[in-house]
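*Asks:*
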Ligand SMILES: [Zn+2]
Ligand SMILES: [Zn+2]
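In my numbering, the protein residues as written are 561 to 795.
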């Protein structure tokens, strides 16, 4: 008895859409579902032996190489390694606004958030470069972050963080170049930052440079408590 009218309407609409356009697995393409059990089994999830700060896999030494030289300004957890079907699914979401796929990923992030026992007062997505937003017409991270906010029953603020300058693609840059590329590229427009605990969401964690740049922008607007979640993590 908890389903609301808009929720029922959405479900009804979705069933109609499924009949007209049967969904396909974003990982392997089989029809019938947006994410199949086989692809789910192939995910390499980041659970045990992870760095308490950046959430990456710890080497045998138990010391995270990233965080011992350049500690992240916020704790981050990622759901699984950026490999195989997950790579295909995230690429697909960049070129097609597949809301059900975004919702599946939001369910994954909800489980991470609950596993960590975190609490937050709002959800914010890492913004896309303005030129890329114009090209694509949407930000795939927004789809995931807004679905996550609904599931966690938290407000989602689309305007809290903006890119104030376009940055070249991070692809092909070494770690230092990545940090320099995004440093100072974001600005927070939160007026009540000091009273917020912000959950920052991105699709892929590579070096942590983007998360760190967003965190310093949010901290500059007074935010003291923040944490990050990403769907995937580069090896
Ligand atoms: Zn599949
Ligand atoms: Zn670490």
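Where is the CB? At the ideal position from N, CA and C, for every residue including glycine.
Which value, in whole angstroms, describes the spacing of the CA atoms of residue 633 and residue 569?
*Replies:* Using only the alpha carbons, I get a separation of about 42 Å.
*Asks:* Can you find a heavy atom of ligand 2 that lies under 7 Å from the Cβ of residue 626?
*Replies:* Flag set: Cβ of residue 626 near ligand 2.
*Asks:* On the premise that residue 790 lies in contact with residue 636, defined as a C-beta separation below 8 Å, what is that separation, rounded to the nearest angstrom?
*Replies:* With a Cβ gap of about 7 Å, residue 636 and residue 790 count as contacting.
*Asks:* Taking residue 658 as part of the alpha helix (DSSP H), name the residues at either end of that continuous run.
*Replies:* Per DSSP, residue 658 belongs to no alpha helix (DSSP H) and is neither H nor E.
*Asks:* Apply the 10 Å Cβ neighbour rule to residue 702 and answer buried if 16 or more other Cβ atoms are within range, or exposed otherwise.
*Replies:* Buried is the call here.
*Asks:* Let me confirm a value: residue 674 is counted as buried when at least 16 other C-beta atoms fall within 10 Å, else exposed. Which label applies?
*Replies:* Per the 10 Å Cβ criterion, exposed.
*Asks:* Within 7 Å: the Cβ of residue 613 and any heavy atom of ligand 2?
*Replies:* At least one heavy atom of ligand 2 is nearer than 7 Å to the Cβ of residue 613, so yes.
*Asks:* Applying the criterion that 16 or more other CB atoms from any shown protein chain within 10 Å of the CB defines a buried residue, is residue 562 buried or exposed?
*Replies:* Low confidence applies to residue 562: its pLDDT is 49, below 50, so where it sits in the model is not reliable, and the reading given next is rough at best. Exposed: under 16 other Cβ atoms inside 10 Å.
*Asks:* Measure how close the beta-carbons of residue 711 and residue 667 come, nearest whole angstrom, since I'm counting them as under 8 Å.
*Replies:* The Cβ separation is near 7 Å, so the contact holds.
*Asks:* Could you give the first and the last residue of the continuous alpha helix (DSSP H) run that contains residue 759?
*Replies:* From DSSP, residue 759 is part of no alpha helix (DSSP H) but of the beta strand (DSSP E) over 757 to 765.
*Asks:* Under 6 Å, CB to any heavy atom of ligand 1. Which residues pass, going along the chain?
*Replies:* So the residues near ligand 1 by this Cβ test are 585, 587, 588, 590, 596, 598, 599, 645.
*Asks:* At which residues does the alpha helix (DSSP H) containing residue 772 begin and terminate?
*Replies:* Its alpha helix (DSSP H) spans residues 769 to 780.
*Asks:* I need the DSSP call for residue 615, collapsed to helix, strand or coil.
*Replies:* Looking at residue 615 - three-state DSSP - the assignment turns out to be coil, as it is neither helix nor strand.
*Asks:* Let me make sure I understand the geometry here. Which of 593, 588, 609 has the alpha-carbon closest to that of residue 603?
*Replies:* Among 593, 588, 609, the Cα nearest to that of residue 603 is on 588.
*Asks:* Taking three-plus beta-carbon pairs below 8 Å as touching, is the region 676 to 689 in contact with the region 639 to 659?
*Replies:* No, the region 676 to 689 is not in contact with the region 639 to 659.
*Asks:* Mind listing, in chain order, the continuous alpha helix (DSSP H) runs of no fewer than 4 residues lying wholly within the region 709 to 762?
*Replies:* Counting only runs of 4 or more, we get 735 to 742.
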